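Below: the structure, in structure tokens.
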Amino acid sequence: MEAATPTPNATQGAQQSFARVVNQKQEIRKKLSGIKHRIGVYSAKGGVGKTTVAVNLAFTLRQMGYKVGLLDADIDCPNITLFLGLNEVTDAVYPLVPKEKDGVKVLSTAMFLDDQKKPIIWRGPLIGKMIAEFFENAEWGELDYLILDLAPGTSDAPLSIMQLLDMDGFVLVTTPQHIAAVNAIRSGRMAKRMGVAVLGVVENMSNGTGGGAAEVGEALGCEVLGSIRMNKKLDELSDRGLVAVLTDADIKSEFEIIAGKLV
Ligand SMILES: Nc1ncnc2c1ncn2[C@@H]1O[C@H](COP(=O)(O)OP(=O)(O)OP(=O)(O)O)[C@@H](O)[C@H]1O
Ligand SMILES: [Mg+2]
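Each residue of the sequence shown is one higher than the one before, starting from 1 at the first, in this note's numbering.
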């Protein structure tokens, strides 16, 4: 009988991938040295308003006079360009130059798609590779804040961000529902385990009681940064590719409270 092929040395393999992550991390650190703060907007639960919060937070910070970048870290289901009405297709050539929208620098995989409705069907390792490439090859220049819109879940894309980037921390998003709060708590615990700070929690689609954010704040020992009311206008503006804080004074004041606490 033929001898079995020797299996690769598992320890060696693990050491190599660890070294690769460390190298990538150093490269990315160098590349992002002009960015003062990196803040992710995150929840493991889908549809709670991560993109809504990330977009409006970025433009609120810009209105406060900061230099701001907005990165769509939802690699396979990118939504930022839809929220911003950025329809122009760009060639994917390095270095990747973020597009400017009302003074905010924006980068998303969606910019390189000729058809927004085309699915990106990638397994985890490719998503991680794309995130690393985004950071290694993007020309952000000098920024005060880079806001990252994370994908839901507790694997692949969020995990790569936590591993590869020196984050200042995450803003968690919940809704008033207990289920959303549980998922935000799960997200916060993952971040802490990965050595990333939880900067606070925002209650989106709020009914005014603040129960969801309070539950998360208590469980994680983090600050409640503010709440955004359930607001049809916010939904309609976003759906038309318009940034709500640039046109609606009430929504703007809700985001100013959150941004004020963050800075
Ligand atoms: N405060 C709000 N009031 C009304 N509608 C809202 C509010 N916040 C978000 N929405 C709407 O809810 C939907 C989901 O929001 P959004 O895409 O920001 O969630 P998400 O957490 O980023 O989702 P995903 O997990 O798919 O990335 C969108 O249609 C958005 O316009
Ligand atoms: Mg989203």
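Yeah, the Cβ is synthetic: ideal placement off N, Cα and C, and Gly gets one too.
All values derive from a computational prediction rather than experimental measurement.
Using DSSP with H/G/I as helix, E/B as strand and the rest coil, what is residue i?
i      : result
Met297 : Lying before the first or after the last residue shown, residue 297 is absent from the chain, which here runs from 1 to 263.
Arg20  : helix
Ala58  : helix
Glu139 : coil
Glu2   : Confidence at Glu2 is low in this model, with a pLDDT of 49, below 50, so its placement is unreliable and the value that follows should be read with caution. Looking at Glu2 - three-state DSSP - the assignment turns out to be coil, as it is neither helix nor strand.
Asp235 : helix
Thr109 : helix
Gly169 : strand
Thr90  : coil
Ala219 : helix
Asp149 : strand
Thr174 : strand
Val53  : helix
Gly85  : coil
Gly29  : Note on identity: in this sequence residue 29 is Arg, with Gly being the wrong assignment. Here Arg29 sits in helix by DSSP.
Taking all protein chains shown into account, decide if residue i is buried (16 or more other Cβ within 10 angstroms of its Cβ) or exposed.
i      : result
Glu270 : Because the chain in this structure spans residues 1 to 263, residue 270 falls outside the shown range and cannot be described.
Arg62  : buried
Thr247 : exposed
Pro119 : exposed
Phe59  : buried
Since residue i and residue j are thought to touch, with beta carbons under 8 angstroms apart, how far apart are those beta carbons, to the nearest angstrom?
i      : j      : result
Val171 : Ile39  : 6 angstroms
Gly241 : Phe83  : 7 angstroms
Val216 : Ala181 : 5 angstroms
**Request:** Inspect the CB distances between the region 167–178 and the region 190–200 and report whether three or more fall short of 8 angstroms.
**Result:** yes
**Message:** Measuring CB atoms only, is the region 133–145 touching the region 24–43, in the sense that at least three cross pairs come out at less than 8 angstroms?
**Reply:** yes
**Asked** Is there contact between the region 48–65 and the region 147–155, where contact requires at least three CB pairs shorter than 8 angstroms?
**Response** yes
**Asked** Would you call the region 107–127 and the region 85–93 in contact, with 3 or more CB pairs under 8 angstroms?
**Response** yes
**Item:** Meets three-Cβ-pair contact criterion under 8 angstroms: the region 244–263 and the region 224–232
**Value:** yes
**Request:** Say whether the region 201–219 touches the region 172–182, bearing in mind that this needs 3 or more beta-carbon pairs closer than 8 angstroms, one atom from each stretch.
**Result:** yes
**Request:** Please determine if the region 31–45 and the region 230–241 are in contact, where contact requires at least 3 C-beta pairs separated by less than 8 angstroms.
**Result:** no
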